[in-house]
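Enquirer: Have a look at this one before I ask anything.
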Amino acid sequence: MEKKKMKVKFLVLLFVCLGIACRGVQAQHHMGNVKELIRLYSSLHKPVVMAHRMSPQMKGYAENSMETLEYNMKHYPDAIQEIDVRITADGKAVLLHDETLDRTTTGKGRPDAYTYRELNRLELKDACGNVLKGQRIPLLEDVLLKAKGKVAVMLDMKPGTDPDIMMDIVKQTGMLHEVVVICYSVDDGVNMHRKYPELLIALGFNSREDIRKIKKSGIPADRLIALVPKVVQEQSYYDCINEMKVPISFSAQGRMDLMPDAAMEYRKIYGSGISILCTDSIAKAYAAFGN
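Residue numbers for the sequence shown follow this note's numbering, so the first one is 6 and each next one is one higher.
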């Protein structure tokens, strides 16, 4: 009887140690490096989940907010945080998706019509339109410093955003190797690569013509992330990109996320060869892959 108890204790201790070891391996890999995340999750036969606008689908949390970032860092530490960057009238980089303040804040009009000090008087709203007392539009610098060494970030440089202002902040915060920058044209991507050859760049692989143009762009495949259409393509489309050795990011937000059998669709699209699943439903995506 005593031997049996000792055996049970030994097995319990073994499983605890194995669990700690596995978490340690993930901790070594999830410290902000997207390529490392992709390699890790590929070995686990899962996609890396990316939180679109930080994907806050809960009351009390706003998109692109410091509070949502902190929540995700605690509950989804391996998720890439996708955020939107805009510039204020006084040249400050802030987080905001829309061209106007109306939907997500208590303000109105364009953010570039206000100084940051003026914007800082506004409060954020959650997805239901509830005003979140004390929650403010964050500075990009503060968000990157919070994320540094802990989570990877994808920067959606919205139209009109000065890339030099944004990239100066990326460099100053030491996040050049922990961010991916979305560029809206191949030419923008080429210019970004020339200035920052070590930077990861996400480009739209929206057609076979786009793919041909990107192949000729001179941007190395190991510096690229492929953003593919929300509509599922034929398998040969994904195979063509995978042959280039470029990781694929599939956007589930606004379409696949809303399907009644979304979890099954997530697994199917992963089977097509994607590496990153961008979603508005981060909890649903994690559950679909048993994370």
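Where a beta carbon is used, it is the ideal one built from N, C-alpha and C, also for glycine.
(1) Within 10 angstroms of the Cβ of E214, are there 16 or more other Cβ atoms? Answer buried if so, exposed if not.
(2) Could you tell me the distance, in whole angstroms, from the CA atom of L205 to the CA atom of I43?
(3) Below 8 Å on the Cβ atoms is my guess for A98 versus M171; work out the distance and round it to an integer in Å.
(4) Could you check where the beta strand (DSSP E) with E87 kicks off and where it finishes?
(5) Using the DSSP secondary-structure output, state which residues sit across from A293 in a beta bridge.
(6) Counting along the chain, where does the alpha helix (DSSP H) carrying V191 start and finish?
(7) Whose CA, out of T93, H102, I246, lies closest to the CA of R122?
(8) Give the range of the alpha helix (DSSP H) segment to which G209 is assigned.
(9) For M162, write down the residues that DSSP places opposite it in a beta bridge.
(10) Closest to K250 by CA distance: which of G139, S280, I274, R272 is it?
(11) Do you know offhand how far Y291's Cα is from V54's?
(12) Ordered along the chain, which non-local residues of its own chain (more than five positions away) have a Cβ less than 6 Å from that of L232?
Expert: To lay it out plainly:
(1) exposed
(2) 13 Å
(3) Going by Cβ atoms, the distance from A98 to M171 rounds to 5 Å, so yes, they are a contact pair.
(4) Per DSSP, the unbroken beta strand (DSSP E) holding E87 starts and ends at 85-92.
(5) Per DSSP, none; premise fails for A293.
(6) Counting along the chain, the alpha helix (DSSP H) containing V191 begins and ends at 191-200.
(7) Of T93, H102, I246, the residue nearest in Cα terms is T93.
(8) Segment 205-209 is the beta strand (DSSP E) holding G209; no alpha helix (DSSP H) there.
(9) V90
(10) S280
(11) 7 Å
(12) A207, G209, S254
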